[in-house]
Amino acid sequence: MLTMLGEGFLVTLQIFFLTLIGSLPLGIVVALGRMSRFKPLALIVRFYISVMRGTPLMLQMFAIYFAPYYVFGIELTTDSKFNATIIAFIINYAAYFAEIYRSGIQSIPKGQYEAAEVLGYSRLQTFGKIVLPQVVKRILPAMGNEIITLVKDTSLAFAIGVAEMFSTAKALVASQVSMVPFVIAAVFYWVFNFVVEVVLNRVEKKLDYYHD
Amino acid sequence: MSDTNPIVRMAHVKKSFGEVEVLKDISLEVYPGEVVAVIGPSGGGKSTLLRCATLLETFDAGELSYGDLQVAHTEGGKAVYGAKDVIKQAKSRFGLVFQNYNLFPHYTVLKNIMDAPVSVQKRDKAEVERQARELIAKMGLEGNEGKVPCELSGGQQQRVSIARALCMNPEIVFFDEPTSALDPELTGEVLKVIKQLATEHMTMVVVTHEMQFARDVADRIVFMDGGVIVEEGPADQVINHPQHKRTQDFLARYENN
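Taken in sequence, the protein lines are chains A and B. Per this note's numbering, the first sequence starts with residue 470, numbered consecutively. Per this note's numbering, the second sequence starts with residue 493, numbered consecutively.
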């Protein structure tokens, strides 16, 4: 039983890390688009964020899973379930992260931009060297919330039949007529999130060397 | 001094924020080695003038040049700014010290001073570090190289920001009320540093409310009120024998305080 749950857990880990690797940088791009002075772009991005936050992630997963078949007539395979899950998670979480990034970016005082401008930093340098590092420190608690939610949200992949840990637990519960697999799965999630908390605390401590 | 070319030249500069005309036909030239103090009541346009000179604001009409480099000129009554590379060149010629320091809080003192020369001017890191350490010593900040701004007093932070401006090797440094955010006991240490720079003939424009400092350090004082330069002249003359009533009233209020 533990081996099966462990295998499911590996898939859970994959969903978690692939989602973060995709959505953390994508969120920055989305946030910048949302704040763009080019109004049409800002509007489109606003609409995208609204849809991502306003509809269930599970529904988005299904939409992305079935879209290739209904739109292009492409045959669906087992791989496409996993791929659809990852894509849905990335674009969904990028929307949430974008709003957190935006709150952080807008909280940086104007004087920082002006100092950078007078010293001749390019816009890219100003953002990368001056703004973003300060944003990371400011948004860390809010990001922590989302990342912890993500750990638990991975179980939604169960809905389209990806064999992550929750799906495995559910199958074991049915075959063994016992609630124990659910309990063990719960412990797995909790311990996982405990580790996430420890890592977040460490990063927070590391950035504690200054305040503004 | 008029046989040499001015380091910065502003001519007939006009600037409005909406309906409010903040600068009404301002002309100002600063020559090499000169220290100019800009005084006047709040809202008189002093800071806006500095922000226009340092390209943080664009003006509506007028001319601006740094040495032979024309940054903005007027065409059909409207200011036209030069291309990107002109702006970039201009920025390498001046430094600006802010009222609120605006140091980068996540960088150490040394990195605050070194980063722009290295990553903007692409200068050799070792050479920049040597200069930065000299400036730190000159500013009386030895031992603080590895500290971050929040560990320093306001006076120390402002001295770091002066060092940061100087490390870019500017031809002129603008100061926007450099001591206005400081407690009186910290004001002295910043003014002392600026005084020292004046004795080394660093070209400077200082917007200040410190009248005694202006009189002691500046070669020339410019009194601004209501968006115009009301009076300008040698420091001693403007402070001790002001010609215009507005200047007299302003200085009298200072003495009463």
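Virtual Cβ for every residue (Gly too), placed ideally from N, Cα, C.
inquiry  = My assumption, with CB atoms under 8 Å, is that T752(B) sits in contact with T679(B). Please give the rounded CB distance.
reply    = In the structure as shown, chain B begins at 493 and stops at 749. Residue 752(B) is therefore absent and cannot be evaluated.
ask   = Counting along the chain, where does the beta strand (DSSP E) carrying D548(A) start and finish?
value = Numbered from 1 along the first sequence, position 79 holds the residue referred to as residue 548(A). Here D548(A) belongs to no beta strand (DSSP E); instead the alpha helix (DSSP H) covers 547 to 575.
query = Just by C-beta distance, which residues in the segment 642 to 671 of chain B are closer than 7 Å to chain A?
reply = Correct list: C642, M660.
ask   = What number of angstroms, rounded off, separates the C-alpha of I628(B) from the C-alpha of A529(B)?
value = Indexing the second sequence from 1 puts residue 628(B) at position 136. Indexing the second sequence from 1 puts residue 529(B) at position 37. Between I628(B) and A529(B), the C-alpha separation is close to 25 Å.
task = For V612(B), decide whether its Cβ has a neighbour in chain A, counting only Cβ atoms nearer than 8 Å.
result = Looking up residue 612(B) in the second sequence gives position 120. Yes - at least one Cβ of chain A is within 8 Å of the one on V612(B).
CB contact below 8 Å: M493(B) versus chain A = The sequence position of residue 493(B) within the second sequence is 1, counting from 1. At M493(B), the pLDDT of 47 sits below 50, so the modelled position is not reliable and the matter cannot be decided from this model.
query = Would you say K580(B) reaches chain A, if we count a Cβ-Cβ gap shorter than 8 Å as a contact?
reply = Indexing the second sequence from 1 puts residue 580(B) at position 88. Yes, K580(B) lies at the interface with chain A (some Cβ there is under 8 Å from its Cβ).
query = From which residue to which residue does the beta strand (DSSP E) around E669(B) run?
reply = Here residue 669(B) corresponds to residue number 177 of the second sequence, with the count starting at 1. Neither: E669(B) is in no beta strand (DSSP E) and is coded neither H nor E.
query = Hey, is I608(A) close to the ligand MN, as in C-beta under 7 Å from one of its heavy atoms?
reply = Annotation note on the ligand MN: not contained in the displayed structure, which lists no ligands.
query = For a contact meaning CB atoms closer than 8 Å, what does A608(B) contact in chain A?
reply = Counted from its first residue, the second sequence places residue 608(B) at position 116. Correct list: L588, G589, Y590.
message = Comparing C-alpha positions only, which one of M660(B), L556(B), D675(B) sits nearest to Y573(B)?
response = Numbered from 1 along the second sequence, position 81 holds the residue referred to as residue 573(B). Of M660(B), L556(B), D675(B), the residue nearest in Cα terms is L556(B).
message = If you follow the alpha helix (DSSP H) that T481(A) is in, where does it begin and where does it stop?
response = Walking along the first sequence from the start, residue 481(A) turns up at place 12. Counting along the chain, T481(A) sits inside the alpha helix (DSSP H) bounded by residues 471 to 503.
request  = Would you mind reading off the limits of the alpha helix (DSSP H) that contains S636(A)?
outcome  = Looking up residue 636(A) in the first sequence gives position 167. Unbroken alpha helix (DSSP H) run through S636(A): 634 to 645.
request  = Drop a sphere of 10 angstroms on the beta-carbon of K570(B), count the other beta-carbons inside from all chains shown, and report buried for 16 or more, exposed for fewer.
outcome  = In the second sequence, the residue the question calls residue 570(B) occupies position 78. By the neighbour-count definition (other C-beta atoms within 10 Å, threshold 16), K570(B) is an exposed residue.
task = Answer yes if the segment 578 to 587 of chain B comes into contact with the segment 661 to 675 of chain B, meaning at least three C-beta pairs across the two stretches below 8 Å, and no otherwise.
result = Three or more Cβ pairs closer than 8 Å define a contact, and the segment 661 to 675 of chain B meets that threshold against the segment 578 to 587 of chain B.
ask   = Less than 8 Å separating the beta-carbons of F666(B) and V709(B)?
value = The residue you call residue 666(B) lines up with position 174 of the second sequence. The residue you call residue 709(B) lines up with position 217 of the second sequence. No, these two residues do not count as a Cβ contact at 8 Å.
query = Counting pairs of Cβ atoms below 8 Å between the segment 575 to 595 of chain A and the segment 610 to 626 of chain A, do you hit three or more?
reply = Of all C-beta pairs linking the segment 575 to 595 of chain A to the segment 610 to 626 of chain A, fewer than three are shorter than 8 Å, placing the two stretches out of contact.
message = If the cut-off is 9 Å on Cβ atoms, which residues from the segment 592 to 607 of chain A count as contacting chain B, listed in chain order?
response = Listed in sequence order: Q594, K598, I599, P602, Q603, K606.
message = Going by the DSSP bridge assignment, what does F586(B) pair with across the sheet?
response = The count along the second sequence starts at 1 and reaches residue 586(B) at position 94. Answer is I664(B), bridged to F586(B).
task = Note down the Cα distance separating I731(B) from Q740(B), rounded to an integer number of angstroms.
result = In the second sequence, residue 731(B) corresponds to position 239, counting from 1. In the second sequence, residue 740(B) corresponds to position 248, counting from 1. It is roughly 9 Å from the alpha-carbon of I731(B) to the alpha-carbon of Q740(B).
C-beta atoms of L547(B) and A503(B) nearer than 8 Å = The residue you call residue 547(B) lines up with position 55 of the second sequence. The residue you call residue 503(B) lines up with position 11 of the second sequence. No, the Cβ-Cβ distance between L547(B) and A503(B) is not below 8 Å.
request  = For V640(B), decide whether its Cβ has a neighbour in chain A, counting only Cβ atoms nearer than 8 Å.
outcome  = Position 148 of the second sequence, counted from the start, is the residue given in the question as residue 640(B). Judged by the 8 Å Cβ criterion, V640(B) is in contact with chain A.
message = Is the separation between the beta-carbon of F566(A) and that of S492(A) shorter than 8 Å?
response = Here the question's residue 566(A) lines up with position 97 in the first sequence. Here the question's residue 492(A) lines up with position 23 in the first sequence. Inclusion of F566(A) and S492(A) in the CB contact set at 8 Å is warranted, their separation being smaller than that value.
task = Enumerate in chain order the residues of its own chain whose CB-to-CB distance from F689(B) is below 7 Å, with the five nearest sequence positions on each side excluded.
result = What you label residue 689(B) is simply residue 197 of the second sequence in a count that begins at 1. Correcting the residue identity first, residue 689(B) is Leu in this sequence and not Phe. Same-chain partners within the cutoff: M696.
ask   = Can we say the segment 559 to 579 of chain A touches the segment 597 to 611 of chain A, given the rule of at least three CB pairs closer than 8 Å?
value = With the rule of 3 Cβ pairs closer than 8 Å, the segment 559 to 579 of chain A counts as touching the segment 597 to 611 of chain A.
query = Closest to G647(B) by CA distance: which of E621(B), L683(B), L743(B), S508(B) is it?
reply = Residue numbering aside, residue 647(B) sits at position 155 when the second sequence is read from its first letter. The candidate whose alpha carbon is nearest that of G647(B) is L683(B).
key: CB contact below 8 Å: L443(B) versus chain A   = Examination of residue 443(B) is not possible in this model, given that chain B is present from 493 through 749 alone.
ask   = Just by C-beta distance, which residues in the segment 567 to 581 of chain A are closer than 7 Å to chain B?
value = Per Cβ criterion, the list reads G580, Q581.
request  = Taking only runs that begin and end inside the segment 493 to 552 of chain B, name each unbroken alpha helix (DSSP H) of 4 or more residues, in chain order.
outcome  = Fully enclosed alpha helix (DSSP H) runs of 4 or longer: 538 to 545.
message = So the candidates are V527(B), K639(B), L595(B), G719(B); which of them puts its Cα closest to the Cα of F551(B)?
response = As a first step, residue 551(B) must be located in the second sequence, where it is residue number 59. Per the C-alpha coordinates, the member of V527(B), K639(B), L595(B), G719(B) positioned closest to F551(B) is G719(B).
Nearest to I654(B) (by Cα), restricted to the options K507(B), S611(B), Q591(B) = Numbered from 1 along the second sequence, position 162 holds the residue referred to as residue 654(B). Here the closest residue by C-alpha is Q591(B).
query = When DSSP labels each residue in this structure, what does P609(B) get in the three-state scheme?
reply = Counting from 1 along the second sequence, the entry for residue 609(B) is found at position 117. Note: P609(B) maps to helix in three-state DSSP.
query = Between M493(B) and Q562(B), what straight-line distance do the alpha-carbon atoms span, to the nearest angstrom?
reply = In the second sequence, the residue the question calls residue 493(B) occupies position 1. In the second sequence, the residue the question calls residue 562(B) occupies position 70. Any reading at M493(B) is ruled out, since the residue's pLDDT is 47, under 50, leaving its predicted position unreliable.
ask   = Listed in chain order, which residues of the segment 698 to 710 of chain B have Cβ atoms closer than 9 Å to some Cβ of chain A?
value = Only those residues of the segment 698 to 710 of chain B whose C-beta falls short of 9 Å from the nearest C-beta of chain A would be listed, and there are none.
ask   = Considering only residues of the segment 636 to 710 of chain B, which uninterrupted alpha helix (DSSP H) runs meet the minimum length of 4 residues and lie entirely inside it, listed in chain order?
value = The segment 636 to 710 of chain B contains these whole alpha helix (DSSP H) runs: 646 to 658, 676 to 691, 703 to 709.
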